[in-house]
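Chemist: The structure's right below; bear with me while I get my questions together.
In this note's numbering, the protein residues as written are 1 to 206.
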């Protein structure tokens with residue numbers, strides 16, 4: 001699933017998604033940063049899709065928040081008791097920029113207290129090969145991320161980094177174990193290159 005369609009502000013499959021959900025599915029133009037946007041029931045989907053950001057939060061019911069990812073982490077947040085949800089797109093650059101703490105801070109502003117975070121399918125530490133200098137630099141701030149590929153080269157475990165960060169911030173963290181690169185039914189930019197599609201992670205208040 002992708003918004004990259006010539007002469008269109010979103011792909012036709014997004015209409016199918018919304019029809020299936022019976023809800024509007026709101027998303028932003030993801031840029032691997034840390035900007036968080038609050039949305040509500042009357043947010044204009046087209047205008048929002050042009051916003052450069054990587055996370056959304058809301059306390060509005062009947063609005064689905066969506067993030068897209070191929071190897072990056074789709075992270076979904078919820079505090080059902082407070083009536084607050086959020087969604088973040090977190091790759092290496094976004095994690096380094098602090099997109100997850102920024103999202104959690106906005107959720108707290110909306111009244112969240114006991115937040116559960118779901119980390120969706122992403123490339124695993126056994127597959128996400130990076131230069132040794134990059135691993136060491138990122139690992140200095142996120143030691144849980146330091147890893148080695150299955151073929152013995154430096155890598156990063158972004159899921160472990162996100163889990164450690166969110167746990168330290170007081171979230172209950174749940175992870176979906178599938179690796180995007182290793183799972184043929186999931187999209188992976190590392191595996192498929194430019195032709196790769198995207199998964200979508202969605203969360204909403206009924």
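Built from N, CA and C at the ideal position, the CB exists for glycine as well.
Checking the sheet assignment: what are the DSSP bridge partners for residue 183?
Modeler: Residue 183 pairs with nothing; no bridge assigned.
Chemist: Which two residues bound the contiguous alpha helix (DSSP H) that contains residue 209?
Modeler: Residue 209 cannot be examined here, being either before or after the span of the chain that is shown, 1 to 206.
Chemist: What number of angstroms, rounded off, separates the C-alpha of residue 99 from the C-alpha of residue 89?
Modeler: Residue 99 and residue 89: Cα-Cα distance of roughly 8 Å.
Chemist: Does DSSP put residue 109 in a helix, in a strand, or in coil?
Modeler: In this structure, residue 109 counts as helix in the three-state DSSP scheme.
Chemist: Given that a residue counts as buried once 16 or more other Cβ atoms are within 10 Å of its Cβ, and exposed if not, what is residue 166?
Modeler: Looking at its Cβ environment, which holds 16 or more other Cβ atoms inside 10 Å, residue 166 is buried.
Chemist: Could you tell me which whole beta strand (DSSP E) segments of length 3 or greater appear in the region 35-79?
Modeler: Whole beta strand (DSSP E) segments, 3+ residues: 36-38, 55-58, 64-69, 73-79.
Chemist: For my contact list, residue 68 and residue 52 are in at a C-beta cut-off of 8 Å; report their separation, rounded to the angstrom.
Modeler: About 14 Å separates the two Cβ atoms, so there is no contact after all.
Chemist: Of the residues 107, 13, 117, 137, which one's Cα is nearest the Cα of residue 58?
Modeler: The candidate whose alpha carbon is nearest that of residue 58 is 107.
Chemist: According to DSSP, is residue 7 helix, strand or coil?
Modeler: Confidence is the limiting factor: at residue 7 the pLDDT is only 43, short of 50, which leaves the residue's position unreliable and the question unanswerable from this model.
Chemist: Starting from residue 118, trace the beta strand (DSSP E) both ways and give me its first and last residue.
Modeler: Counting along the chain, the beta strand (DSSP E) containing residue 118 begins and ends at 116-119.
Chemist: When the Cα of residue 120 is compared with those of 155, 175, 87, 46, which residue comes out closest?
Modeler: Nearest C-alpha to residue 120: 175.
Chemist: Does the distance from the C-beta atom of residue 83 to that of residue 61 stay below 9 Å?
Modeler: Yes, Cβ-Cβ distance for residue 83 and residue 61 is below 9 Å.
Chemist: Look at the alpha carbon of residue 130 and the alpha carbon of residue 146, and state the distance between them as a whole number of angstroms.
Modeler: Computed Cα separation, rounded: 10 Å.
Chemist: For the region 69-78 against the region 8-18, do three or more pairs of beta-carbon atoms, one drawn from each stretch, fall closer than 8 Å, so that the two count as touching?
Modeler: Because the criterion of three Cβ pairs below 8 Å is not met, the region 69-78 and the region 8-18 do not touch.
Chemist: Short of 7 Å in beta carbon distance, which residues of its chain neighbour residue 195, apart from the five on each side in sequence? Order them along the chain.
Modeler: Closer than 7 Å at Cβ, skipping near neighbours: no residue.
Chemist: Excluding sequence positions up to five away, which residues of its chain have a Cβ less than 7 Å from the Cβ of residue 180?
Modeler: These residues qualify, in order along the chain: 70, 71, 121, 122, 123, 186, 187, 188.
Chemist: Would DSSP call residue 163 helix, strand or coil?
Modeler: In this structure, residue 163 counts as helix in the three-state DSSP scheme.
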